[in-house]
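Structure first, then comments.
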Amino acid sequence: MAEDRELQPAQTNPKIPFLVFFKDARNVFKMDSLGREILQIAFPAALALAADPVASLIDTAFIGHLGPVELAAVGVSIAIFNQASRVTVFPLVSITTSFVAEDDTIARINAKASKVEDVEKGSVKTVEMKEAMPENAMLMKSEEGEATGSGTKDSMPEDDSKVVTSKSPSVIDSNTSKRKFNKKRHIPSASTALAIGGILGLLQAIVLIFGAKTLLSLMGVKSGSPMLAPAQKYLTLRSLGAPAVLLSLAMQGVFRGFKDTTTPLYATVSGDLLNIILDPIFIFVFRLGVSGAAIAHVLSQYLISLILLLRLMKDVDLLPPSVKELQFGRFLKNGLLLLARVIAVTICVTLAASKAARLGSTPMAAFQVCLQVWLTSSLLADGLAVAGQAILASAFAERDYEKVTAAASRVLQMSFVLGIGLALFVGAGLHFGGGIFSKDVNVLHLIGIAIPFVAATQPINSIAFVFDGVNFGASDYAYSAYSMVLVAIASIASLFVLSKSNGFVGIWIALTIYMVLRTFAGVWRMGTGTGPWRFLKGRFLSESV
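FYI, the numbering for the sequence shown is 1 to 545, going by UniProt numbering.
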């Protein structure tokens, strides 16, 4: 009866799964096996994510020496290219990471089970052979051994091959299984991701090349603008690298699924270094201007793709036995869900920038500086998100719910600690280093007004971004998409109302609401033990009993 009294409140209290967020909180800094696994994935991932923006800044510095017109033209072209890539890349990479982690885990489980089964079958065959051997044959063999002295070392047969061929079936089967296990891995989701990446890359290149003038016009670069010629030239040439960009990012998703973020880091850094080296050569030595910058960037992207492809081919058989094994339907279904999510996120941020631009050039300049700092600081949290996604996808595939719980709580706790550190760093950096971005007194004044929002939201932002990885690791794509659409609707409404009533400050209040709602969506799903987190109710229920 005592147990029943303890059980009843646990059944009727849906908030019990919220305890998962505080599970082993004292171990957040502990370098145990889980802590090391998270950091081994997260740190290289964060560096790889940061490498490209750093290279882009250096790229921009070189182009800036050509003149303000060229710099503005390239800026518009990069914005178009990045937006087109983001719509396709984010769903592809996110899905690939989870699917590859699941497929790889299942393949390893099946391979181990097959190996054990082969060994067991071989042992059974050996026993059956001994049992089936006639008794007189055993006697004759024994007598023959005594007569020839086969039991002594001196009488071992000279032909060693006869001894080898007399190995038991268990040894033969075990060796055969080992050879099979050492073959290249066949991961259907990896082959599918590369196929989709190649197709999307070609389509993106075609659309951007033939629609460059139209897209630039939509961005405000009209036919009479001096920016049109250099912008169209840069966008057209850079679009030739779209297939390499999509393929390299798809392969990065594959490596993340294998929990290997070091290989993508090396490839990315190698490509970015080539870009930095070629930029001054093509721009100034060969006098190619913005075309030289575009060519350097395209070559760097193909180098990244080549490095990743050669490395991937060593471990994975990328050609499936048949087209039927490719998972186009699975990718398409979940990809469309994440596409809706990306569009919702993009609308919120773009609308905020639009509202700031309507306030004038000074508020827009201050907003752009703060927004870039606000978003760039998320790169470190994205590293934790990648680690959480890869680990959780594997743990869910193994049905190891203890590791699922431990990993999810650990990455979220680490994200909160990271967010506090970023809040202090960003707040101090903008306060003392705002002059790096602008010398205008009015711009600096508005940056100072935005600092409390930019800094204070860092812990919320970190948790929200890591929740993305947690949800993707749980393959909870539908909830991620639908919840983000609802968050976007509420955030857009707040942007319209608050920007009108409170101007610059109102925009930042609305963005804070946006990030709080994103975090709340993740906390609600996991904290109420719904969807893929249903097991949490049973887990905490058993613990309470």
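Each residue gets a CB set at the ideal place from its N, CA and C atoms; glycine is no exception. Model, not experiment: these values are computed from the prediction.
Query raised in the report: Could you give the C-beta distance for residue 446 and residue 376, rounded to a whole number, given that I count them as a contact under 8 Å?
Result: In fact, because the Cβ distance is near 19 Å, the residues do not count as touching under 8 Å.
Report task. Go ahead and pull the three-state DSSP assignment for residue 534. Result -> In the three-state reduction of the DSSP assignment, residue 534 falls in the coil class.
Query - Alpha carbon of residue 518 to alpha carbon of residue 524, nearest angstrom - result: 10 Å
Query raised in the report: Expressed to the nearest angstrom, what Euclidean distance is found between the alpha-carbon atoms of residue 481 and residue 494?
Result: 20 Å
Query raised in the report: Taking the DSSP output, what are the residues bridged to residue 185?
Result: 316
Query raised in the report: In its own chain, which residues sit with a C-beta less than 6 Å from the C-beta of residue 533, not counting the 5 before and 5 after it?
Result: 526
**Report entry** Where residue 20 sits in the DSSP three-state scheme
**Finding:** helix
Query - residue 634 versus residue 227 - alpha carbon distance - result: Shown here, the chain extends from 1 to 545; a query on residue 634 therefore has no answer.
Query raised in the report: Do residue 271 and residue 235 have their C-beta atoms closer together than 8 Å?
Result: no
Requested in this report: Note down the Cα distance separating residue 434 from residue 369, rounded to an integer number of angstroms.
Outcome: 9 Å
Report task. Report all residues from its chain with a CB closer than 6 Å to the CB of residue 157; omit the five preceding and five following residues, and keep chain order. Result -> Low confidence applies to residue 157: its pLDDT is 41, below 50, so where it sits in the model is not reliable, and the reading given next is rough at best. Correct list: empty, nothing qualifies.
Query raised in the report: If you follow the alpha helix (DSSP H) that residue 414 is part of, which residue opens it and which one closes it?
Result: Start and end: 401-433.
Query raised in the report: If we count the other Cβ atoms within 10 Å of its Cβ and call it buried at 16 or more, is residue 268 buried or exposed?
Result: buried
Report task. Using only alpha-carbon positions, find the residue among 411, 216, 339 that is nearest to residue 469. Result -> 411
Query raised in the report: Cβ of residue 250 within 8 Å of Cβ of residue 194?
Result: yes
Query raised in the report: Within 7 Å: the Cβ of residue 212 and any heavy atom of the ligand ADP?
Result: In terms of ligand content, the structure shown is empty, and the ligand ADP therefore cannot be addressed.
Query raised in the report: Which runs of the alpha helix (DSSP H) fall wholly inside the region 206-267 and span at least 4 residues, in chain order?
Result: Runs of the alpha helix (DSSP H) inside the region 206-267: 212-218, 228-239, 242-257.
Query raised in the report: Using 8 Å as the threshold, is the region 74-85 in touch with the region 422-429, meaning 3 or more CB pairs across them?
Result: no
Requested in this report: Determine the closest residue to residue 77 out of 24, 214, 37, with distance taken between C-alpha atoms.
Outcome: It is 214.
Query raised in the report: To which residues of the same chain is residue 529 closer than 6 Å at the C-beta, ignoring the five residues directly before and after it?
Result: Only residues of its own chain outside the window of five on either side were considered, and among them 17, 536, 537 have a CB closer than 6 Å to the CB of residue 529, listed in chain order.
**Report entry** Anticipated Cβ contact below 8 Å, residue 239 with residue 293, distance rounded
**Finding:** 14 Å between Cβ atoms; not a contact.
Requested in this report: Would you identify the three-state DSSP class for residue 527, choosing helix, strand or coil?
Outcome: helix
Query raised in the report: Do three or more CB pairs link the region 47-61 to the region 397-413 at distances below 8 Å?
Result: no
Requested in this report: Spell out a yes or no on whether the region 452-468 and the region 376-386 are touching, meaning 3 or more CB-CB pairs, one atom from each, closer than 8 Å.
Outcome: yes
Query raised in the report: What are the boundary residues of the alpha helix (DSSP H) that residue 474 is part of?
Result: Careful: residue 474 lies outside any alpha helix (DSSP H) and carries neither H nor E.
Query - CA-to-CA distance, residue 516 to residue 92, given in whole angstroms - result: Straight-line Cα distance between these residues: approximately 26 Å.
Query raised in the report: Looking at the unbroken alpha helix (DSSP H) that takes in residue 287, where does it start and where does it end?
Result: Segment: none, residue 287 is in no alpha helix (DSSP H) and carries neither H nor E.
Query raised in the report: Touch check for the region 256-266 and the region 282-297: three-plus C-beta pairs under 8 Å?
Result: no
Requested in this report: Note down, in chain order, each residue of its chain lying with its Cβ closer than 8 Å to the Cβ of residue 165, except the 5 sequence neighbours on either side.
Outcome: Residue placement at residue 165 is poorly supported in this model, since its pLDDT is 41, which falls under 50; the coordinates are not used for a value here.
Report task. Could you please give the first and the last residue of the uninterrupted alpha helix (DSSP H) stretch that includes residue 363? Result -> 361-376
Query raised in the report: With a CB to CB cut of under 8 Å and the five nearest residues on each side skipped, what residues in its chain are close to residue 531?
Result: 474, 476, 479, 525
Query raised in the report: Should the region 447-455 be called in touch with the region 294-314, which here means at least 3 C-beta pairs below 8 Å?
Result: no
Requested in this report: Measure the C-alpha to C-alpha separation of residue 460 and residue 349 and round it to an integer number of angstroms.
Outcome: Rounded to whole angstroms, residue 460 to residue 349 spans 16 Å at the Cα level.
Query - Where residue 74 sits in the DSSP three-state scheme - result: Note: residue 74 maps to helix in three-state DSSP.
Report task. Check whether the Cβ atoms of residue 565 and residue 336 sit closer than 8 Å, and answer yes or no. Result -> Examination of residue 565 is not possible in this model, given that the chain is present from 1 through 545 alone.
**Report entry** Closest Cα partner of residue 35 within the set 501, 431, 413
**Finding:** 413
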